[in-house]
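Worksheet for the structure shown next.
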Amino acid sequence: MVLALIPFTAGCGTGNTGVPAKTPTATPTASVAKVHIIIYSDLQCISCYTLYSQIEPKIVEQYVMTGKVTLETRYLSTKGPLSSLAAQAILCAGDQGQSARYRDSILAAWAKDGADAYAQDKLESAAGVLGMDVKTFNGCLINGKYLQEISDHTLEAGRAGVGTLPTMFINDVKIEGVQPWVIISPAIEEQLAR
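The following block contains the structure:
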């Protein structure tokens with residue numbers, strides 16, 4: 582079962598804010614890619630933000646957009662209820678095809694304002710700014726449509742031996758913490774060569 586598959590996008594670059602700019606594009610399907618990367622992350626984790634802003638864009642550009650790799654983020658609620666609420670909000674945005682843009686938006690706000698960016702009214706406002714159907718978004722969030730999925734991700738991470746965030750699995754190879762590109766890229770290449 583695929584959980585919280587977030588379609589990552591091309592055109593990633595870092596602007597003055599340090600937040601990647603992403604433009605929605607089509608991504609390869611899981612059935613085509615030889616390597617599947619799963620990232621366990623918490624939306625209030627500074628190291629997770631570093632992975633998101635510095636390493637993920639390289640993975641997307643060099644591997645996802647070429648169809649060699651799929652990239653999936655499974656959000657955890659290890660840093661409290663606001664982490665869970667923000668993760669649920671991303672999945673609710675995904676119901677309207679806006680998960681990647683919405684994630685970029687709320688992470689930019691978090692980098693600026695901290696946990697306050699994940700207050701329910703601010704999450705709802707971010708949906709409106711992106712042109713989503715706010716009533717549908719709010720219904721999803723208020724009803725906790727994805728609450729169990731976030732809880733399941735957290736339990737699954739524990740069973741998988743995730744003790745550090747972020748943790749990345751490249752197929753069955755576990756990489757903990759934010760590792761430099763000179764570690765990540767060869768690990769991906771090794772899996773592609775199998």
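The sequence shown stops at residue 775 when you use our numbering, and every number in between is there.
Yeah, the Cβ is synthetic: ideal placement off N, Cα and C, and Gly gets one too.
**Asked** Which residues mark the beginning and the end of the beta strand (DSSP E) in which Glu637 is found?
**Response** From DSSP, Glu637 is part of no beta strand (DSSP E) but of the alpha helix (DSSP H) over Glu637 to Ile640.
**Beta-carbon spacing of Ala738, Tyr621 below 8 Å** = yes
**Item:** Neighbourhood of Leu722 by C-beta distance below 8 Å, restricted to the same chain and skipping five residues each side
**Value:** Same-chain partners within the cutoff: Leu666, Gln669, Ala670, Cys673, Gln701, Leu704 and Glu705.
**Beta carbon of Ile619 nearer than 8 Å to that of Glu642** = no
**Asked** Who are the near neighbours of Thr745 in its chain, counting only those whose CB is closer than 6 Å to its CB and skipping five residues on each side?
**Response** Non-local C-beta neighbours of Thr745 in its own chain, meaning closer than 6 Å and more than five positions away in sequence, comprise Glu757 and Gly758, ordered along the chain.
**Asked** In chain order, what residues of the same chain lie with their CB nearer than 6 Å to the CB of Trp691, ignoring the 5 residues before and after it?
**Response** Ala698
**Prompt:** What's the gap between the Cα of Leu624 and the Cα of Thr717?
**Reply:** 23 Å
**Request:** State the Cα-Cα distance for the pair Phe750 and Asp733, rounded to the nearest angstrom.
**Result:** Each residue's alpha carbon lies about 17 Å from the other.
**Prompt:** Helix, strand or coil: which one does DSSP assign to Ser766?
**Reply:** helix
**Asked** Sorted by chain position, which residues of the same chain lie with C-beta nearer than 6 Å to Lys755's C-beta, five sequence neighbours on each side aside?
**Response** Residues of the same chain with a CB within less than 6 Å of the CB of Lys755, apart from the 5 flanking positions on each side, do not exist.
**Prompt:** Which of the three DSSP states, helix, strand or coil, is assigned to Val759?
**Reply:** coil
**Message:** Using DSSP's beta-bridge definition, name the partner residues of Met749.
**Reply:** Ile620 and Ile756
**Asked** Once you ignore the five residues that flank Val743 on each side, which residues in its own chain have a CB closer than 7 Å to its CB?
**Response** Tyr621
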